[in-house]
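> Numbering (my numbering), first residue to last: 181 to 425.
Beta carbons: idealized from backbone N, C-alpha and C, even for Gly.
If you're wondering where the values come from, they're calculated on a predicted model, not measured in any experiment.
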């Protein structure tokens with residue numbers, strides 16, 4: 181029970197592969213490692229009613245809960261606050277502001293990207309999610325997330341970054357619970373931590389949306405996103421905008 185109004189019925193989640201490809205990318209080199217995600221995976225839970233996605237960590241009698249409670253409510257442990265009489269760690273429930281006035285997307289941003297690099301000589305998309313999902317009741321979409329310079333700097337170590345992305349993608353999976361023929365689940369198979377590369381021009385805390393997509397395409401075409409995946413997702417710490425010419 182989080183408060184008098186909200187009680188979560190948590191279920192175990194599956195959102196990570198057992199051995200996740202983790203790449204730390206700089207201008208000089210790419211450091212590659214395979215991360216055993218079993219400890220992280222054991223701590224990821226969800227609640228279908230509230231659409232909650234949280235990480236639950238327990239050490240002895242102490243329990244820490246962190247993540248998404250519902251569409252605008254979050255929870256995090258107050259590690260430096262005074263413990264309760266029972267020695268339990270206090271937690272903060274806090275609201276996040278919702279962005280409702282999104283601008284209408286440009287047609288260029290909605291246009292399907294060229295698939296020539298993945299087409300075979302017969303014009304069929306080789307090993308595409310669509311072709312692999314035909315005939316299956318459940319289809320895991322293999323996802324590689326690129327954390328840009330401004331985003332990754334908030335995470336002291338790789339485990340914290342992976343954990344954050346796992347909670348985020350677990351929340352995304354809850355939005356696809358009603359999909360059928362096939363049922364879709366996103367599975368995080370890789371993470372690239374970009375230390376010193378900008379995907380588009382930056383002005384203050386703003387980055388251009390169209391240029392960012394083009395920058396990601398170029399980055400991938402240069403072979404800098406490793407491993408096998410169906411989808412590449414770029415997460416940014418900048419505020420996304422569209423500059424008028």
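Flag residue 359 as yes if its beta-carbon sits less than 8 Å from any beta-carbon of chain D, otherwise no.
Among the chains of the structure shown, chain D does not appear; only one protein chain is present.
> Please give me, in chain order, every unbroken run of the alpha helix (DSSP H) with length at least 4 that falls completely inside the stretch 376-423.
389-401, all fully within the stretch 376-423.
> Consult DSSP for residue 372 and reduce its assignment to one of helix, strand or coil.
In the structure shown, residue 372 sits in a strand (DSSP, three-state: E or B).
> Looking at the structure shown, is residue 220 part of a helix, part of a strand, or coil, going by DSSP?
Residue 220: helix per DSSP, three-state reduction.
> Quick check on DSSP: helix, strand or coil for residue 238?
Residue state, collapsed to three classes: strand.
> Across which residues does DSSP place residue 255 in a beta bridge pair?
Per DSSP, 247 and 273.
> Please state whether DSSP places residue 169 in a helix, a strand or coil.
Given a span of 181 to 425 for the chain in the structure shown, any question on residue 169 remains unanswerable.
> Which residues does DSSP list as the beta-bridge partners of residue 342?
Note: residue 342 sits in no beta bridge, so no partner.
> With the cut-off set at 8 Å, would you say residue 323 and residue 233 are in Cβ contact?
In this structure, residue 233 does not lie closer than 8 Å to residue 323 by Cβ.
> Is the separation between the beta-carbon of residue 321 and that of residue 366 shorter than 8 Å?
The answer is yes: Cβ separation under 8 Å.
> When DSSP labels each residue in this structure, what does residue 326 get in the three-state scheme?
Residue state, collapsed to three classes: strand.
> What whole-angstrom Cβ distance do residue 205 and residue 334 have, given they're in contact under 8 Å?
Contact flag wrong, Cβ pair sits at about 17 Å.
> How big is the Cα-Cα spacing for residue 208 and residue 237?
For residue 208 and residue 237, the distance between alpha carbons rounds to 37 Å.
> Would you say residue 273 and residue 253 are within 8 Å of each other, going by their C-beta atoms?
Result yes, Cβ atoms of residue 273 and residue 253 sit closer than 8 Å.
> Secondary structure at residue 210, three-state DSSP: helix, strand or coil?
Residue 210 falls in the strand class under three-state DSSP.
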